[in-house]
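S.K.:
In this note's numbering, the protein residues as written are 353 to 550.
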């Protein structure tokens with residue numbers, strides 16, 4: 353699918369998919385959205401309720417790797433360990449990732465090297481960087497067999513108009529099934545029908 357690079361309002365880049373009329377991130381700001389929705393309202397909130405515990409995080413939609421990168425920065429800065437699993441049905445190529453120039457927009461120069469490592473890491477294998485254990489899975493969320501539960505779930509599918517199946521009860525029930533008691537599910541979506549399904 354053809355991707356066009358755009359610059360969002362906070363200066364960070366994203367991709368626009370003309371066929372779906374969809375962007376990978378909010379036009380208001382790619383980094384701003386990831387930091388606010390997934391880190392602050394997801395991981396940071398869970399961590400504030402579970403002091404010094406090591407979260408297991410599942411991300412639905414690896415995309416550009418921005419959520420994974422910001423999670424890495426958070427866990428290193430807060431000196432906690434973390435297990436991070438992410439699934440992506442349509443991974444970006446390394447060429448596409450490089451064309452985005454996301455590294456130029458990343459706020460934390462000390463950790464920028466890790467953004468490349470995320471993308472160069474082999475799919476389907478576990479990788480350890482400091483206290484951050486991560487695994488990227490190329491596959492379909494609906495057929496993925498998960499044998500454990502997660503403390504934080506980043507639900508970062510494309511919008512309802514582009515991927516309606518990801519916002520139906522079947523997908524949301526699967527999220528419920530893999531979320532640990534007291535776990536946190538976060539998404540940018542505020543569509544009324546989705547909230548009612550929750």
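Think of the CB as a built atom: it goes at the ideal place given N, C-alpha and C, for glycine as much as any other residue.
1) Out of 496, 500, 533 and 534, point me to the one whose CA is closest to residue 412's CA.
2) Can you tell me which of the three DSSP states residue 434 falls into?
3) Please list the terminal residues of the continuous beta strand (DSSP E) segment that includes residue 368.
4) Under the three-state reduction of DSSP, which class applies to residue 353: helix, strand or coil?
5) Which two residues bound the contiguous alpha helix (DSSP H) that contains residue 426?
6) Between residue 433 and residue 406, what straight-line distance do the alpha-carbon atoms span, to the nearest angstrom?
7) So, do the stretch 380–391 and the stretch 467–476 have three or more beta carbon pairs nearer to each other than 8 Å?
8) Among all the DSSP beta bridges, which residues are the ones paired with residue 411?
9) Quick check on this structure: which residue in 370, 355, 377 and 449 has the alpha carbon closest to the alpha carbon of residue 361?
10) So what's residue 557 in DSSP terms, helix, strand or just coil?
11) Tell me whether residue 481 sits in a helix, a strand or coil according to DSSP, three-state version.
12) Taking its Cβ as the centre, do 16 or more other Cβ atoms sit within 10 Å of residue 456, making it buried, or is it exposed?
13) In the DSSP assignment, what are the bridge partners of residue 374?
14) Is the distance from the Cβ of residue 409 to the Cβ of residue 503 below 8 Å?
15) Under 8 Å between the Cβ atoms of residue 481 and residue 494?
16) With residue 538 and residue 389 assumed to form a contact (beta carbons below 8 Å), what rounded beta-carbon distance in angstroms separates them?
17) I'd like to know whether the C-beta atoms of residue 394 and residue 506 end up nearer to each other than 8 Å.
18) Are the beta-carbon atoms belonging to residue 449 and residue 423 less than 8 Å from one another?
19) Using a Cβ-Cβ cutoff of less than 8 Å, which residues in the same chain neighbour residue 532 once the five nearest sequence positions on both sides are dropped?
20) Identify the continuous beta strand (DSSP E) that holds residue 531 and give its terminal residues.
M.R.: If we stick to the structure as given:
1) By one-based count along the chain shown, residue 412 stands at place 60. Checked all of 496, 500, 533 and 534; the closest Cα to residue 412 is 496.
2) Within the chain shown, residue 434 is the residue found at index 82, counting from 1. Note: residue 434 maps to strand in three-state DSSP.
3) Here residue 368 corresponds to residue number 16 of the chain shown, with the count starting at 1. From DSSP, the beta strand (DSSP E) with residue 368 extends over 365–369.
4) Taking the chain shown and counting its residues from 1, one reaches residue 353 at position 1. Correct three-state label for residue 353: coil.
5) For the purposes of this step, residue 426 is taken as the residue at position 74 of the chain shown. Counting along the chain, the unbroken alpha helix (DSSP H) around residue 426 starts and ends at 418–429.
6) Working through the chain shown from its first residue, we reach residue 433 at position 81. Working through the chain shown from its first residue, we reach residue 406 at position 54. In a straight line, the C-alpha of residue 433 is about 5 Å away from that of residue 406.
7) no
8) On the chain shown, residue 411 is found 59 positions in, with the first residue counted as 1. DSSP, once it has assigned bridges, lists 438 and 506 as partnering residue 411.
9) Within the chain shown, numbered from 1, the residue matching residue 361 stands at position 9. Closest by alpha carbon: 377.
10) Residue 557 is absent from the structure shown; the chain starts at 353 and stops at 550.
11) Residue 481 sits at position 129 when you count from the first residue of the chain shown. Three-state DSSP puts residue 481 in a strand.
12) The sequence position of residue 456 within the chain shown is 104, counting from 1. That one is exposed.
13) Here residue 374 corresponds to residue number 22 of the chain shown, with the count starting at 1. For residue 374, DSSP records a beta bridge to 369.
14) As a first step, residue 409 must be located in the chain shown, where it is residue number 57. As a first step, residue 503 must be located in the chain shown, where it is residue number 151. Their beta carbons are under 8 Å apart, which means residue 409 touches residue 503 by this criterion.
15) In the chain shown, the residue the question calls residue 481 occupies position 129. In the chain shown, the residue the question calls residue 494 occupies position 142. The Cβ atoms of residue 481 and residue 494 do not sit closer than 8 Å to each other.
16) Translated into the one-based positions of the chain shown, residue 538 becomes position 186. Translated into the one-based positions of the chain shown, residue 389 becomes position 37. So it is a contact: roughly 6 Å between Cβ atoms.
17) Along the chain shown, one-based indexing puts residue 394 at 42. Along the chain shown, one-based indexing puts residue 506 at 154. Yes, the Cβ-Cβ distance between residue 394 and residue 506 is below 8 Å.
18) As a position in the chain shown, residue 449 is number 97, starting the count at 1. As a position in the chain shown, residue 423 is number 71, starting the count at 1. In this structure, residue 423 does not lie closer than 8 Å to residue 449 by Cβ.
19) To locate residue 532, count along the chain shown from 1; it is residue 180. Taken in chain order, the residues that qualify are 408, 501, 502 and 503.
20) Translated into the one-based positions of the chain shown, residue 531 becomes position 179. It spans 531–538 - the beta strand (DSSP E) in which residue 531 sits, taken as one unbroken run.
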